[in-house]
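Novice: First, the structure itself, so that you have it in front of you.
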Amino acid sequence: MLHGEISCSIILFTVGFSCLVVFVMFSFVLFCDMQEPEFSVTNAFLAQFTFDTATDQNLHYNLTLDITIRNPNKRVGIEYRDIQATAMCGYQTFALLSLGGGILAPFYQGHENTTVLHNLLVQGKQFEEAKICKCKSETVAGVYSIDLQLALRVKARYGMSIKGRSNKVGILCNLLVPLTTFGTSIDGNGGEYCFNTTKCFNTKNFFLENS
């Protein structure tokens, strides 16, 4: 009887230990193979970027963006939420867009998947005279230097039910956007200028920082 109990205990221990080893190996492969998603701005249309002719103190802007997000991971999906977009010119913020509450609801991106956020509109009126001098000096050629910053929360999903922690991350896109008139992008010399797809880079590591 005692011998049978010992044999049963050994079997249970062996099975449990084997399961633990498999779980650790699976977790190691999963986490070590994890890659950060890739962000890029594939299209940018600047229909308006002008200052008041009377006061020369306010900027009127109308910017439309297509942002492409690629998840290169083979086994990991990603949840995105609380996305905010900030547009800057001459190191001054001229637009803040919260991509939530109906504009862009939280979404899930599966493994090895590409998601395109189409026609994100940034428009309005902003700036005071003291803040626009630097921006003016960078836009005399008709091609506007605009920094797009994205702040968002991401959460990794492993399989159907296992989720990682929610992390706050930042993305920066340094854009050169020509003013678009009647469907044609014009440079400072009256010639055509096309927007080039711009790859963004991460300012905070994905999946590593807790918040």
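In the numbering used here, each residue's number is its place in the sequence shown (first place is 1) plus 2.
Don't be surprised by glycine CBs; every beta carbon is placed ideally from N, CA and C.
#1: Classify serine 168 as helix, strand or coil using the three-state DSSP reduction.
#2: Around the Cβ of valine 179, are there at least 16 other Cβ atoms within 10 angstroms (buried) or fewer (exposed)?
#3: Check asparagine 60 in the structure and name its three-state DSSP category.
#4: Hey, would you say the C-beta of asparagine 115 is under 7 Å away from at least one heavy atom of the ligand SAH?
#5: Could you tell me the boundaries of the beta strand (DSSP E) in which arginine 155 lies?
#6: Starting from tyrosine 82 and walking both ways along the beta strand (DSSP E), at which residues does that stretch end?
#7: Please name the residue in Phe203, Ala158, Thr199, Thr205 whose C-alpha comes closest to that of phenylalanine 47.
#8: Looking at isoleucine 80 and proline 39, is the spacing between their C-beta atoms short of 8 Å?
#9: Between which two residues does the beta strand (DSSP E) carrying glutamine 50 extend?
#10: Could you compute how far the alpha carbon of glycine 92 sits from the alpha carbon of leucine 65?
#11: Look at the alpha carbon of lysine 76 and the alpha carbon of glutamine 50, and state the distance between them as a whole number of angstroms.
#12: Measuring alpha carbon to alpha carbon, tell me which of Ile173, Tyr160, Tyr146, Ser147 ends up nearest alanine 153.
#13: What do you get for threonine 182, buried or exposed, if any count of 16 or more other CB atoms within 10 angstroms of its CB means buried?
Specialist: Well, looking at it:
#1: If DSSP states are grouped into helix, strand and coil, serine 168 belongs with coil.
#2: Buried, because 16 or more other Cβ atoms sit within 10 Å of the Cβ of valine 179.
#3: The DSSP-derived three-state label of asparagine 60 is coil.
#4: Absence of the ligand SAH from the depicted structure is noted, as is the absence of any ligand whatsoever, leaving it without description.
#5: Here the beta strand (DSSP E) through arginine 155 covers 145-160.
#6: It spans 78-91 - the beta strand (DSSP E) in which tyrosine 82 sits, taken as one unbroken run.
#7: Relative to phenylalanine 47, the option among Phe203, Ala158, Thr199, Thr205 whose CA is nearest is Thr199.
#8: Yes, the Cβ-Cβ distance between proline 39 and isoleucine 80 is below 8 Å.
#9: Where glutamine 50 is concerned, the enclosing beta strand (DSSP E) stretches over 40-53.
#10: Each residue's Cα considered, the two are about 16 Å apart.
#11: Those two C-alpha atoms are separated by around 41 Å.
#12: Distance from the Cα of alanine 153 is smallest, within the candidate group Ile173, Tyr160, Tyr146, Ser147, for Ile173.
#13: Counting every other CB atom within 10 Å of its CB across the protein chains shown gives threonine 182 a total of 16 or more, marking it as buried.
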